[in-house]
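> Note that UniProt numbering has the sequence shown beginning at 1, numbered continuously upward. There's a structure below that I have some questions on.
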Amino acid sequence: DVAGLYNLEKSLFGVMDNGLLVTPCEYFAAHNWPIADVFAGIFYLCWVPVPILFGLCLYFKKERKTYLRFALVFLFVNLIGFAGYYIHPAAPPWYAINYGFEPILNTPGNVAGLGRFDAFFGVTIFDSIYGRNANVFAAVPSLHAAYMVVALVYAIIGKCRWYVVTLFSIIMVGIWGTAIYSCHHYIIDVLLGISCALIGWLVFEYILMRIPAFKRFFERYYTYIK
C-alpha cells in the first residue's frame, strides 16, 4: 500500500503549505530545524534500548512477575506487528516522497529525515541502521510507536517512581513525534502502533491470563525464574 495510505493520511491530517494540501511528513521534509533534528535522533535511539534496560531493571530488582508480564506482552505486541506487516505491506512516507506511488519491491532502505541527525554530528548511526533495511514495506503498524507504550504501562503497573514514569512518557511522545517528523511513519501508522500495544496488553492481561491453562503456564514460568 503506497497511494492508499498516503491519500488517507492527507485526507485526515493534511496541512496547507504554500497553498497546497500536503501530509505532515511532506511538510516536515520541507520545513525542519537543527534543534528538532537533534532531539529527534536522541528519541529514536531510545526506542529499543530503553524497553530492554527497563526489563533488565525489573529482572535484577527481583520484580520477576512484573518482568515476565512485560516481556511476554512485549513479545506478543511484536507478533501482532509482524502479522500486520505481512497482512498489509505498506510503504513509509519517505517512499512516496522519493519514489512516487508505484511499489518497487527491491527498494533499498532510507535514513530519511534521520539523516539530518547524522549530518549534524558527522556520524553514520542512522545510516547504518536504516540504510540497509531489508523490508521497506513494513510501516504499518509502527512498532516504534508501540514499544514505549508497553514500557510505560508496566512502569505504572510496577509502581515505578514518578520520575521514571515521566521520563518514559516524554520518550514515548518524542518517538511518536520523531516517527512523523523524520518521514518514517504517517500519523496513521503511529496510531495503529499505539493500538497494537494497547490491544496486546489488554488481550494478555484480561483474556490470556484468565485462561486456566495459560495462567498455569505463566505461574510455572514465574516459579522457574524467580
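No residue lacks a Cβ here, since even glycine has one placed at the ideal position from N, Cα and C.
Would you decide whether ALA3 is buried or exposed? Buried here means 16 or more other CB atoms lie within 10 Å of its CB.
When all chains shown are included, ALA3 counts as exposed.
> Rounded to the nearest angstrom, what separates GLU9 and ALA213 at their Cα positions?
About 42 Å.
> Do you know offhand how far ARG161's Cα is from PHE168's?
Each residue's alpha carbon lies about 11 Å from the other.
> List the DSSP bridge partners of ASP17.
Answer is LEU20.
> Taking the beta carbon of LEU192 as the centre, do at least 16 other beta carbons fall within 10 Å, making it buried, or is it exposed?
Counting Cβ neighbours within 10 Å, LEU192 comes out buried, since at least 16 surround it.
> Taking Cβ positions, are ILE180 and ILE187 nearer each other than 8 Å?
It is a contact, given that the beta carbons lie within the stated cut-off.
> According to the neighbour-count rule (16 or more other Cβ atoms, all chains shown, within 10 Å of its Cβ), is residue 227 buried or exposed?
Coverage of the chain is limited to positions 1 through 226, which leaves residue 227 absent and any answer about it impossible.
> Kindly provide the ranges of any alpha helix (DSSP H) runs that are 4 or more residues long and lie completely inside the segment 81-156, ordered along the chain.
For the segment 81-156, whole alpha helix (DSSP H) runs of length 4 or above, ordered along the chain, are 93-99, 115-121, 125-130.
> Could you check if SER182 is buried or exposed, using at least 16 other CB atoms within 10 Å of its CB as the buried criterion?
Classification for SER182: buried.
> Taking DSSP as the reference, what is the three-state secondary structure of residue 227?
This structure gives no information on residue 227, because the portion of the chain shown stretches from 1 to 226.
> Whole angstroms are fine: how far does the CA of GLY115 sit from the CA of MET16?
Near 25 Å, if we compare the C-alpha coordinates of GLY115 and MET16.
> CB GLY81 to CB CYS196, shorter than 8 Å?
Against a cut-off of 8 Å, the Cβ pair of CYS196 and GLY81 comes out as a contact.
> The alpha helix (DSSP H) that contains ILE52, what's its start and end?
That run of the alpha helix (DSSP H) goes 49-60.
> Identify the continuous alpha helix (DSSP H) that holds CYS196 and give its terminal residues.
Residues 187-206.
> Got a sec? Which residues, its chain only, sit under 6 Å from TYR130 by beta carbon, not counting five neighbours each side?
Answer for TYR130: GLY109, VAL111, listed in chain order.
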